[in-house]
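Residue numbers (full-length UniProt numbering): 1 to 135.
These notes concern the structure reproduced below.
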């Protein structure tokens with residue numbers, strides 16, 4: 001896949017504040033109807049792991065609080081929720097936006113009650129190493 005390849009298939013979701021969560025719900029279940037459950041899970045996951053999410057953006061506690069309040073008030077998802085989804089499921093999330101793909105990788109892993117940071121460069125180097133082995 002090239003970063004500028006277009007998606008093979010797209011779906012239309014209601015253009016509302018919750019469209020990110022509707023799209024992720026469609027990805028998981030084939031329907032966006034139960035997006036609220038997924039939205040609550042993602043936000044709950046972020047609230048359970050504030051230190052990890054604050055570190056992703058190097059936010060202050062005030063910035064973090066403002067983000068959580070914005071989620072509660074508007075339901076508008078951001079890149080932070082894509083990082084949360086990626087970490088929850090341990091997968092890369094690819095988003096096609098503005099005519100190109102962007103990858104949201106888990107920035108930490110959950111091991112029982114503990115979180116382990118995943119520096120961005122480590123996953124980038126691992127992907128390079130994998131490419132070297134394939135060629």
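We put the beta carbon where it would ideally sit given N, CA and C, even for glycine.
This one's a predicted model, so the numbers in the text were calculated from it and none came from an experiment.
For residue j and residue i, believed in contact at Cβ under 8 Å, the rounded distance
| i | j | result |
| --- | --- | --- |
| residue 14 | residue 25 | About 12 Å separates the two Cβ atoms, so there is no contact after all. |
| residue 107 | residue 56 | 5 Å |
| residue 75 | residue 39 | 7 Å |
Residue i, buried or exposed, once every other Cβ within 10 Å from all chains shown has been counted against 16
| i | result |
| --- | --- |
| residue 42 | buried |
| residue 9 | exposed |
| residue 36 | exposed |
| residue 27 | exposed |
| residue 18 | buried |
| residue 30 | exposed |
| residue 73 | exposed |
| residue 32 | buried |
C-beta contact flag for residue i and residue j at 8 Å
| i | j | result |
| --- | --- | --- |
| residue 92 | residue 86 | yes |
| residue 88 | residue 45 | yes |
| residue 20 | residue 81 | yes |
| residue 97 | residue 4 | no |
Residue i - DSSP class collapsed to helix/strand/coil
| i | result |
| --- | --- |
| residue 4 | coil |
| residue 37 | helix |
| residue 100 | strand |
| residue 73 | helix |
| residue 81 | helix |
| residue 94 | strand |
| residue 52 | helix |
| residue 14 | coil |
| residue 108 | strand |
| residue 65 | helix |
| residue 19 | helix |
| residue 32 | coil |
| residue 9 | coil |
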